Amino acid sequence: MSVAIKRRRANWRWLYYSLLGLTTLFFLVPVYLVIVTSLKEPATINLATTWQLPEKWYWQSFAEAWIAFAPKLLNSLILTVSATILSALLGSMNGYVLSKWQFRGANIIFPLMLFGMFIPYQSILIPLFQFLRGIGLYGSIGGLVLAHVVYGLPITTLIFRNYYAEIPNEMLEAGKIDGAGFFGIYRSIIFPLSISGFVVVIIWQFTQIWNEFLFAVTLSRISSQPITVALANLAGGEAVKWNLPMAGAILAALPTLLIYILLGRYFIRGLLAGSVKG
Amino acid sequence: MKLNRDRITAILMLLPSIILLGIFVYGFIGQTAYTSLTDWGLNPAQALAINPEIKFVGFDVYRELFTGFIDVRFRQDLVNTFFFTIFFITGSLGIGLLLAFLLDQNIKGENFFRTIFLFPMSLSFIVTGTVWRWLLQPRGGLNTLPTLIGLEPGQFRWLTSRRQIWQFNWQDLPYFTGLLVAAILILITVNSFRQSRRQRLIISLISLILVLAWTFSGARSVELLPYPETHGFNLAFIGIIMAAVWQMSGYTMALYLAGLRGIPGELREAARVDGAGEWQLYRYVILPLLQPITLSAMIILGHISLKIFDLIFAMAGADNATTDVPALLMYLTTFRGNQFSKGAAIAMVLLIMVAAVIIPYLWTSLRSEVKR
Amino acid sequence: MKRLLALLLVSLFTLAAAQGQLEIFSWWAGDEGPALQALIDQYQGMYPDVEVENATVTGGSGVNARAVLKTRMLGGDPPDSFQVHAGQELIGTWVVADRMEDLTFLYKEQGWLEKYPAGLIDLLSAEDGIWSVPVNIHRSNVMWYNPAKIAELGISVPTTWDEFLSSCSSVQAQGVTPLVMGENWTQQHLWESVALGVLGPDDWDALWSGDLAFNDPKLIKVWDTFGEVLACTNDDAAGLSWQQATDRVVSGEAAFNIMGDWAAGYMSTTLGLTPGEGFGWAASPGTEGVFMMLSDSFGLPKGIANRDNTLNWLRLLGSVEGQDIFNPLKGSIAPSFDSDLSRYNAYSQAAAADWKTNRVVGSLVHGAAAKEAFMSQFATVLEIYLSSNNAGSAANAAQAIASQVGVGQ
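Encoded structure:
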């Protein structure tokens, strides 16, 4: 019986692998095109020879893109790192409260908080702008950090809440018996157990904030501009020489891509957590 | 006593987040909602004044959007979003399920394949848009692919084609809505008949009859507009859908894969022992178990597709009318046209659509959690 | 002695004033960046202590720039000086909202009232004030071609749209696109040239003063002609930038292209072609003797932090020296009559001659003739026409928008 099944399955395997091959192609074709185009001399790029390998490897595009993008990459880095850390810390505290210190009304407040991560940001854009302007943060990286921290709170809270729900309450009870209070328990029990939770949240937030566009384009000035805006400007400007946007796209994608490749497991956990139930 | 103090500390620690979200989400939405009920921006002199005199006009702007002569673009955008959402979700679910199924077959190099299928998820929509824009150049990219094996180049005008299929009259919208509601009610009726829930059966049956009666008698005579107006599916969206599926199907794959891995091996063995073939195993055992995942994925993808903005912005530009969506139109109406109240109204329509998808989902998933 | 002291004091003051910052807001990047940079360099040479922030917001054909500018103005945080199309885009948006300072005093101080054509001053004026300083003049109604290709095709440069349409099918039969067109806004650009050609300058002006309705039979004729012209264009228009459209004329894939004269800058500077040999030009059909102009200008917003630095910037922009630095690089001409034409190429010299003698009208698409609220919705009108192919609905839609936003009021 099981031999028969194995044989039948074996017959299908060529199909599985060829389907995998096809889909891999679908996923990698854009990558091929980006790399090839970014390495061509601008003068040799034209629509007819899109698919050919460069005749001469032309690394100059990356140098040019780097010069144009280095300050923007730095902006993105400062923005992303600070907003990520702040929203992770706040989210961890919120998750702790919501999972271990249930109070009346928490079941209403939590979904109300969660809703904030789904709204189309167009619906808050103008008031947000005016608010930031009012408190003097418009156009600074600080203003962007604030926006990303606030709108990042729902997801970080959610991930930590679900994560802490797995920690048995008995451990907390033990802590309480030892005389630890709210902060004591957090410091001695919860926080030490949160490391992989933090990794998940930090990776998720890093990717989201690094890749964000709408806030970046409306709330930044030239001196605080993140990389996505710079890339959109470069590619959306007219008379595109495609080598430069392609090299720029690679530079803009590299940090999140590296994180994904190195820490893929945690990245996937963040992804799954985003679907509320986890 | 101590416990009580800790509890207060806990609430105090949560308070800043609650206040921040209260202002940034609900306060700001309220402000936008109010703006959408005013005439802010209809008169250029008042639009950008430092202290504009803004009049409350009620739902005038919304009426304009849905029935006004000039706002035909908004209605086509709604139709665009509708079709985009359907194909984007179907595509992502289909490819995601296929990939998850393939990776579930004890494939050699599974990690390698999974990494490849998922990597677009880590990219910005701006990066994806920039890349696919180059890929879909009308006389290059994909269209020149056939020439590599000696065929004629493709002629399809990705992103810019003006062809529209499945056209319908905006006037018939009440009629179609009626049909859709009736279809849903039929499903509910059949389900409650099966589960022999009498009360629900009776209610849904009565509503079904009422809806059908209205659909076939009154719906056609509702005059939304004084003249017929056709809308349909813009073929220019095919390219956008491809890029979006390319980016997001890895996500559904990850969801499905997690689901498949969660199915106990004994269950599969048991089904096999009962003589189920591979196909039957999937059809009758595994797919039904994956249904809740499909639902969550649909909702997450659905709200992404309603909000889609940066991808189209980077791929087709803000001015490409055939690939326009409400999120883009809001941006243009507000910041190019200075019509702040209209922009706010479009944003509110967008919010309501997203809320209609998200709120029931949040509600049910959190309620089932409490039960658990 | 007293006078000397006073002079000393004044110069001390100006010195003191020429510190601090100046933020210049524009959407000039890419090919247009160097011209702005040259002006800024000049400014820095004159006022080395001022820190200039070149706040360029590009992308999405200026739409991002507008979004940022508007949110900043709404928030009461105007940039010191921002780029705006001279004419209704400035007046209908910013002047009516009382956000700009009247610059009449600057015009008097600098003697600009005599140096600029009266038609241009009219365009910059409203409500008893002059509201911005123009730095360049572009012409919208120009038809470009490749002289060698035209000879090869055996056609002449059409002077009316009827003439163009009659040669259309024979050009198509030779496998050449009669008229190449690019993305959305370039289609609007074509429309305004067609409209000017069909209506003539008087009726064109009457449209914007509110004396001619947008659903008048004359406008129906404009849409019908536009439809016939469209039938002679390429089918992949919406995917091309204007430069790519120009490239097709240069390469001989297309016979003609209608574009503003920044195309001359692109062909001579970027592509290195000689005006008159590598590319030829004529007024778009039916518009000989009419100069449809547009102009980039900078104004003085109310409530800015660095008013004196901004005034110095405006003085530089309005001076013939500043304009002759900027325009040869940008491919435009100087508004000022005193411009030193020897610094410009053959095309610009010809355009400057026309500028002095032609009837001047304002461009719709580029913000001179129509309020921004009308202009931004004109895309919808075009969209209605393209999807319905019905001149009547397009004309009615245009009229509906015109009365909603109050064109001519």
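The listed protein sequences derive, respectively, from chains A, B and C.
The working numbering numbers the first residue of the first sequence as 1 and each following residue consecutively.
The working numbering numbers the first residue of the second sequence as 1001 and each following residue consecutively.
The working numbering numbers the first residue of the third sequence as 2001 and each following residue consecutively.
The C-beta atom is built at its ideal place from N, Cα and C for all residues, glycine as well.
Note that the coordinates shown come from a computational prediction; the quantities given were computed from them, not determined experimentally.
Going by C-alpha to C-alpha distance, which of the options sits closest to residue i?
{"i": "A/I135", "options": "C/K2149, C/L2199, C/E2253, C/G2076", "result": "C/G2076"}
{"i": "C/P2201", "options": "C/V2360, C/D2162, C/E2127", "result": "C/V2360"}
{"i": "B/Q1046", "options": "C/P2134, C/W2242, C/I2091", "result": "C/I2091"}
{"i": "B/L1366", "options": "A/W66, A/R161, A/N75", "result": "A/R161"}
{"i": "A/L231", "options": "A/A247, A/L271, A/I261", "result": "A/A247"}
{"i": "A/F198", "options": "A/R104, A/L128, A/R269", "result": "A/R269"}
{"i": "C/S2140", "options": "C/A2283, C/M2073, C/I2220", "result": "C/A2283"}
{"i": "C/R2199", "options": "C/D2080, C/Q2187, C/V2222, C/N2146", "result": "It should be pointed out that residue 2199 of chain C corresponds to Leu in this sequence rather than to Arg. When each option's Cα is compared against that of C/L2199, the closest is C/V2222."}
{"i": "C/Y2107", "options": "C/Q2377, C/L2212, C/S2336", "result": "C/S2336"}
{"i": "C/V2096", "options": "B/G1041, B/L1118, B/L1185, B/T1144", "result": "B/G1041"}
{"i": "C/A2334", "options": "C/V2135, C/D2122, C/V2063, C/T2287", "result": "C/V2135"}
{"i": "A/F26", "options": "B/A1183, B/I1018, B/I1095", "result": "B/I1095"}
{"i": "A/Y164", "options": "A/Y151, A/I189, A/H148", "result": "A/I189"}
{"i": "C/D2240", "options": "B/W1158, B/S1207, B/T1081", "result": "Before going further, note that residue 2240 of chain C is Leu rather than Asp in the sequence given. The shortest Cα separation from C/L2240 among B/W1158, B/S1207, B/T1081 belongs to B/W1158."}
{"i": "C/V2180", "options": "C/I2137, C/V2249, C/Q2188, C/G2289", "result": "C/V2249"}
{"i": "B/L1260", "options": "B/R1075, B/L1098, B/F1088, B/I1019", "result": "B/L1098"}
{"i": "A/T37", "options": "A/A273, A/L244, A/Y266", "result": "A/L244"}
So, using beta-carbon positions, are residue i and residue j closer together than 8 Å?
{"i": "A/L86", "j": "A/I227", "result": "no"}
{"i": "B/L1287", "j": "A/T256", "result": "no"}
{"i": "B/T1160", "j": "B/A1236", "result": "yes"}
{"i": "C/W2262", "j": "C/G2331", "result": "yes"}
{"i": "A/P154", "j": "A/M117", "result": "yes"}
{"i": "B/S1204", "j": "B/T1215", "result": "no"}
{"i": "C/P2285", "j": "C/T2160", "result": "yes"}
{"i": "B/A1345", "j": "B/V1072", "result": "no"}
In chain B, which residues lie less than 8 Å from residue i when you measure between Cβ atoms?
{"i": "A/W51", "result": "T1144, L1145, L1148"}
{"i": "A/I181", "result": "For clarity, residue 181 of chain A is Gly in the given sequence; the question names Ile instead. What A/G181 touches in chain B: K1002, R1005, D1006, T1009."}
Note the first and the last residue of the continuous beta strand (DSSP E) segment covering residue i.
{"i": "B/H1231", "result": "1230-1234"}
{"i": "C/N2345", "result": "Here C/N2345 belongs to no beta strand (DSSP E), and DSSP marks it neither H nor E."}
{"i": "C/S2297", "result": "2296-2299"}
{"i": "C/E2051", "result": "2050-2056"}
Quick one: list the residues of chain C neighbouring residue i, beta-carbon separation under 7 Å, in chain order.
{"i": "B/Y1282", "result": "Near B/Y1282 there are no residues of chain C at all, since even the closest Cβ is about 42 Å away, more than 7 Å."}
How is the alpha helix (DSSP H) around residue i delimited, first residue to last?
{"i": "B/M1242", "result": "1237-1262"}
{"i": "B/Q1199", "result": "1198-1217"}
{"i": "B/G1169", "result": "In the sequence as displayed, the identity of residue 1169 of chain B is Asn instead of Gly. Premise fails: B/N1169 lies in the beta strand (DSSP E), 1164-1169, not in any alpha helix (DSSP H)."}
{"i": "A/E170", "result": "169-177"}
{"i": "A/H148", "result": "141-165"}
{"i": "B/R1268", "result": "1265-1273"}
{"i": "A/A249", "result": "243-262"}
Can you name the residues of chain C whose CB is closer than 8 Å to the CB of residue i?
{"i": "A/I222", "result": "E2053, N2054, A2055, T2056, V2057"}
{"i": "B/N1320", "result": "E2183, N2184, A2238"}
{"i": "B/P1044", "result": "G2092, T2093, V2096, A2097, K2371, E2372, A2373, V2405, G2406"}
Can you list the residues of chain A that residue i reaches, using a CB-CB cut of under 7 Å?
{"i": "B/K1307", "result": "P120"}
{"i": "B/Y1251", "result": "L271"}
{"i": "B/T1130", "result": "L231, A235, P245, A249"}
{"i": "B/W1040", "result": "Ordered by position in chain A, no residue passes the 7 Å Cβ test against B/W1040, which lies about 10 Å from the chain."}
Interface residues of chain A around residue i at Cβ under 8 Å?
{"i": "B/G1140", "result": "N46, L47, A48, T50"}
Can you pull the chain A residues whose beta carbon is under 9 Å from the beta carbon of residue i, in chain order?
{"i": "C/P2071", "result": "It should be pointed out that residue 2071 of chain C corresponds to Thr in this sequence rather than to Pro. In chain order: L125, I126, F129, Q130, R133, Y138, T218, L219."}
{"i": "C/D2077", "result": "R133, Y138, G139"}
{"i": "C/L2165", "result": "None at all; the shortest Cβ gap to chain A is about 29 Å."}
Which residues in chain B have a C-beta closer than 7 Å to the C-beta of residue i? List them in chain order.
{"i": "A/W242", "result": "W1134"}
In chain C, what lies closer than 9 Å to residue i by C-beta?
{"i": "B/F1335", "result": "V2063, N2064, R2066, A2067, V2068, L2069, K2070, T2071"}
At a CB-CB cut-off below 9 Å, which residues of chain B make contact with residue i?
{"i": "C/S2376", "result": "L1332, T1333, R1336, G1337, N1338, Q1339"}
{"i": "C/T2412", "result": "In the structure as shown, chain C begins at 2001 and stops at 2409. Residue 2412 of chain C is therefore absent and cannot be evaluated."}
{"i": "A/V150", "result": "S1017, L1020, L1021, I1023, F1024, V1025"}
Which full runs of the alpha helix (DSSP H) of 4+ residues lie inside the region 2124-2185 of chain C, going along the chain? 2147-2153, 2161-2173
Would you mind listing the beta strand (DSSP E) stretches within the region 30-96 of chain A that are 3+ residues and don't spill past its ends, in chain order? none
Can you check the region 2355-2406 of chain C for any alpha helix (DSSP H) of at least 4 residues that lies completely inside it and give the ranges in chain order? 2372-2388, 2391-2405
Within the region 2186-2269 of chain C, note down every full beta strand (DSSP E) run reaching 3 residues or more, in order along the chain. 2254-2258
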